[in-house]
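Participant: Just so we're aligned: the sequence shown equals residues 5 to 348 in this note's numbering. Beta carbons: idealized from backbone N, C-alpha and C, even for Gly.
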Amino acid sequence: MIEELKQIGCESLEAISELESLESLEQFRVSVLGKKGKLSTLLKGMGKLSAEERPKVGQVANEWKNKIEAALGAHKEKLEVAALEQKILNEKIDVTLPSLKSYTGTLHPLTQATRQIVQSLSRLGFDVTTGPEIETEYLNFDSVNIPETHPAREMQDTFFMGEGVVLRTHTSPVQMRTMRSQSFPLRILCPGAVYRADNDATHSPFFHQIEGLWVDHGIRMSDLKGTLLFFAKETFGSETEIRLRPSFFPFVEPGVEVDVTCPFCASGSGKGKGPCKVCKDTGWIEILGAGMVHPELFKHAGYDDPKISGFAFGIGIERISMLLNGIPDLRLFYRGDVRFLNQF
Ligand code: PHE
5 MIEELKQIGC ESLEAISELE SLESLEQFRV SVLGKKGKLS TLLKGMGKLS
55 AEERPKVGQV ANEWKNKIEA ALGAHKEKLE VAALEQKILN EKIDVTLPSL
105 KSYTGTLHPL TQATRQIVQS LSRLGFDVTT GPEIETEYLN FDSVNIPETH
155 PAREMQDTFF MGEGVVLRTH TSPVQMRTMR SQSFPLRILC PGAVYRADND
205 ATHSPFFHQI EGLWVDHGIR MSDLKGTLLF FAKETFGSET EIRLRPSFFP
255 FVEPGVEVDV TCPFCASGSG KGKGPCKVCK DTGWIEILGA GMVHPELFKH
305 AGYDDPKISG FAFGIGIERI SMLLNGIPDL RLFYRGDVRF LNQF
């Protein structure tokens, strides 16, 4: 029996050194030292030995068992170290590889222009007010003194949504809504999308406006002019000057169109040094419409105070953004092309 023990022991020690994985090591351990393993099976025959032989055989069996266990333990450690090294090798990072670019979104240039305008005019005490894009014909037209017969109210110019309901053609109805729900003094800015049935390189059926309204006792044309000059200098630079030309809008009287000195060639003089595509060598660029609020609007607003007056102005946000960023085509704003949008 001692011979057989020696054989199992020697064979085992040899086999262990050749095992290549932790799984085969465990299988091997069970096959020799497990309950049904070779060693246990052999030792079951111990009962047949004589009383003197039994402790001797027992001792030898123990010695082999310890040796095998030690060999298993040592080999296991070796395999574990090798596995770890392999893992580290597999997970090695190549620091010379180019990194993955992360893309950050940007605010749409129209949002940026809106925010810039709001930010500068809010320094004069203007608050932002918004309203619905689907509007009643009354608030969009009648209440701001645009009569039934006005060409703007024809099917070709306005999107009619149903009986008495339109897509707002300007943000003036927001000003009217505010006057009808609040008392003056009022100093508000109404930014938002507006809709007109127009579509070419310089007109889009969907565009953005920001309109301003200041209503109080004793508001004069000079207040309007001062506000617009402030806006122009804030937006296009401190050299900028403005010029008011008489014009007609049903909701104001008198009404004006406002030009700024061309920021590209005239630098405040209003005399273009040309050649300039933006101002076509005139030195001036039209940027907005404005005027003193028509008394008719105060009636619709429910303000019956003889001393009340106010001014209003309407700015096209696309136009401002195009000028500030040198954007040549209005339609670029609405295509959602990231190559365009990423530039801002
Ligand atoms: N509501 C005008 C428009 O959409 C803009 C404007 C507002 C003009 C206020 C003058 C005064 O054309």
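(1) List the endpoints of the continuous beta strand (DSSP E) containing P258.
(2) Taking DSSP as the reference, what is the three-state secondary structure of I138?
(3) If the criterion is Cβ atoms closer than 8 Å, does the pair P177 and G135 meet it?
(4) If you draw a straight line from the C-alpha of K281 to the C-alpha of R335, how long is it?
(5) Alpha carbons only, please: which of G168, F253, C269 and R249 is nearest the one belonging to D263?
(6) Drop a sphere of 10 angstroms on the beta-carbon of T110, count the other beta-carbons inside from all chains shown, and report buried for 16 or more, exposed for fewer.
(7) What do you reckon, is the C-beta of G318 under 7 Å from a heavy atom of ligand 1?
(8) For P250, does the three-state DSSP call read helix, strand or coil?
(9) Could you check whether the Cβ of Q264 sits closer than 7 Å to any heavy atom belonging to ligand 1?
(10) From the DSSP output, in three-state form, read off R339 for me.
(11) Y107: buried (16+ other C-beta within 10 angstroms of its C-beta) or exposed?
(12) Along the chain, where does the alpha helix (DSSP H) that runs through A78 open and close?
(13) Quick one: does the C-beta of V178 sit closer than 7 Å to a heavy atom of ligand 1?
(14) Indicate whether the contact test is met: 3 or more Cβ pairs, each with one atom in the stretch 75-93 and one in the stretch 40-60, closer than 8 Å.
(15) Is the Cβ-Cβ distance between I319 and I291 less than 8 Å?
(16) According to the neighbour-count rule (16 or more other Cβ atoms, all chains shown, within 10 Å of its Cβ), is K323 buried or exposed?
(17) For a test of the three-state rule: what should DSSP assign to M296, helix, strand or coil?
Facilitator: Checking against the coordinates, here is how it stands:
(1) Reading the sequence shown from its first residue, position 254 is the one you call residue 258. Per DSSP, P258 belongs to the beta strand (DSSP E) from V256 to T265.
(2) Against the sequence shown, residue 138 aligns to sequence position 134. Of the three classes helix, strand and coil, the one that applies to I138 here is strand, per DSSP.
(3) Start at 1 with the first residue of the sequence shown, and residue 177 comes out as number 173. Start at 1 with the first residue of the sequence shown, and residue 135 comes out as number 131. Yes, Cβ-Cβ distance for P177 and G135 is below 8 Å.
(4) Position 277 of the sequence shown, counting from 1, holds the residue named residue 281. Position 331 of the sequence shown, counting from 1, holds the residue named residue 335. If you take the alpha carbons of K281 and R335, they lie about 19 Å apart.
(5) In the sequence shown, residue 263 corresponds to position 259, counting from 1. Comparing Cα positions, the closest option is R249.
(6) In the sequence shown, the residue the question calls residue 110 occupies position 106. Exposed, because fewer than 16 other Cβ atoms sit within 10 Å of the Cβ of T110.
(7) Residue mapping note: residue 318 aligns to position 314 of the sequence shown, counting from 1. Yes, the Cβ of G318 comes within 7 Å of a heavy atom of ligand 1.
(8) Your numbering for residue 250 matches position 246 in the sequence shown. Of the three classes helix, strand and coil, the one that applies to P250 here is strand, per DSSP.
(9) Along the sequence shown, read from residue 1 onward, the residue named residue 264 stands at position 260. In the sequence on display, residue 264 carries Val and not Gln. No; taking the cut-off as 7 Å, the Cβ of V264 has no heavy atom of ligand 1 nearer than that.
(10) Taking the first residue of the sequence shown as 1, we reach residue 339 at position 335. Coil at R339, not helix or strand.
(11) In the sequence shown, residue 107 corresponds to position 103, counting from 1. The residue is exposed, with fewer than 16 neighbouring Cβ atoms inside 10 Å.
(12) Counting from 1 along the sequence shown, the entry for residue 78 is found at position 74. Its alpha helix (DSSP H) spans residues E57 to N94.
(13) On the sequence shown, residue 178 is found 174 positions in, with the first residue counted as 1. Outside the cutoff, so no.
(14) no
(15) Position 315 of the sequence shown, counting from 1, holds the residue named residue 319. Position 287 of the sequence shown, counting from 1, holds the residue named residue 291. Their beta carbons are under 8 Å apart, which means I319 touches I291 by this criterion.
(16) In the sequence shown, residue 323 corresponds to position 319, counting from 1. Checking the sequence, you will find Arg at residue 323 rather than Lys. R323 should be labelled buried.
(17) As a working note, residue 296 is residue 292 in the sequence shown. Correct three-state label for M296: strand.
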